[in-house]
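A.B. asks: I'd like to ask some things about the structure below.
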Amino acid sequence: MSVLRELASHPKCVAVGECGLDFDRNFSKQDTQKRVFEQQLALAKELGKPVFMHCRDAAEELRECVERAGCEFGEGGMAGVVHCFTGTREEAEAFLAMGLHIGVTGWICDDREGRSAQAAEALRAVPRGRLMVETDAPYLTPRTIRPNRLRPWRNEPCLLPHVCAKAAECRGESVEDLCSHTLRTTELFFGLPGLT
1 MSVLRELASH PKCVAVGECG LDFDRNFSKQ DTQKRVFEQQ LALAKELGKP VFMHCRDAAE
61 ELRECVERAG CEFGEGGMAG VVHCFTGTRE EAEAFLAMGL HIGVTGWICD DREGRSAQAA
121 EALRAVPRGR LMVETDAPYL TPRTIRPNRL RPWRNEPCLL PHVCAKAAEC RGESVEDLCS
181 HTLRTTELFF GLPGLT
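Each step along the sequence shown adds one to the number in the UniProt record's numbering, with nothing skipped, and position 60 is 60.
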């Protein structure tokens with residue numbers, strides 16, 4: 001934790017994370033994941049940094065960790081985003097009720113197994129000022145594109161317009177409007193004014 005504290009204390013470090021819980025692959029024991037995540041939450045709170053959270057098959061446990069760490073998100077509290085959100089509308093609403101932001105990736109462009117329909121329903125629940133768009137590069141390439149010799153099946157920031165287009169479609173907004181309000185949200189969240 002001392003190395004993480006030193007790195008997170010650097011002025012160019014704008015958030016703590018990606019950190020959180022992944023109970024899908026369980027590369028580490030669940031108890032270990034929870035303990036370390038709570039330490040990272042406490043560090044973010046101590047340093048006044050936003051938290052960039054990973055949550056896979058562990059929504060209730062994430063909520064419990066946040067509570068045990070004494071973190072409060074939202075207005076007057078800390079900033080936190082559940083990145084690469086892949087859940088239901090109900091899960092999005094629960095995270096929003098905790099004061100968290102929702103980040104979406106190329107996963108919303110995937111029509112397999114009804115994923116994009118589920119994403120559309122969840123995205124409609126996220127108010128302006130709480131939605132963020134991201135790549136999760138090199139993973140989760142938007143399936144609205146096909147790989148070719150010049151663009152292999154690897155995600156990268158230049159593909160973000162595909163995520164924005166799908167998110168705008170899901171929300172019934174223009175792409176320009178979605179890009180404008182999510183950029184502003186990103187600036188405020190990370191304390192990076194003037195990106196626009």
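The beta carbon of each residue, even a glycine, is placed where N, CA and C say it ideally should be.
Where does Asp-22 fall in DSSP's three states?
C.D. replies: Three-state result, Asp-22: strand.
A.B. asks: Spell out a yes or no on whether the region 51–66 and the region 4–21 are touching, meaning 3 or more CB-CB pairs, one atom from each, closer than 8 angstroms.
C.D. replies: Touching, yes, given that three or more Cβ pairs across the two stretches are closer than 8 angstroms.
A.B. asks: Pull the bridge partners of Val-133 from the DSSP assignment, please.
C.D. replies: Partner(s): Val-104.
A.B. asks: Three Cβ pairs or more, each shorter than 8 angstroms: is that satisfied between the region 113–124 and the region 65–83?
C.D. replies: Output reads no: the region 65–83 does not touch the region 113–124.
A.B. asks: Between Cys-109 and Val-163, how many whole angstroms is the CB-CB distance? I'm expecting something under 8 angstroms.
C.D. replies: Their Cβ separation, rounded to whole angstroms, is 7 angstroms, which keeps Cys-109 and Val-163 in contact under 8 angstroms.
A.B. asks: My understanding is that Cys-65 touches Phe-27, with C-beta atoms under 8 angstroms, so please give their C-beta distance in whole angstroms.
C.D. replies: With a Cβ gap of about 17 angstroms, Cys-65 and Phe-27 do not count as contacting.
A.B. asks: Quick check: is any heavy atom of the ligand SAH less than 6 angstroms from the C-beta of Ala-119?
C.D. replies: With respect to small molecules bound, the structure shown includes none, and the ligand SAH cannot be examined in it.
A.B. asks: Return the chain-ordered list of same chain residues with a C-beta closer than 7 angstroms to the C-beta of Gly-74, the five sequence neighbours on each side being excluded.
C.D. replies: Closer than 7 angstroms at Cβ, skipping near neighbours: Gly-99.
A.B. asks: Can you tell me whether Glu-60 is buried or exposed, with buried defined as 16 or more other CB within 10 angstroms of its CB?
C.D. replies: When all chains shown are included, Glu-60 counts as exposed.
A.B. asks: So, is His-101 buried or exposed, given that buried needs 16 or more other C-beta atoms within 10 angstroms?
C.D. replies: Buried: at least 16 other Cβ atoms inside 10 Å.
A.B. asks: Would DSSP call His-181 helix, strand or coil?
C.D. replies: In this structure, His-181 counts as helix in the three-state DSSP scheme.
A.B. asks: Sort out for me which residues DSSP pairs Cys-55 with in a bridge.
C.D. replies: In the DSSP output, where bridge partners are listed per residue, Cys-55 has Leu-21.
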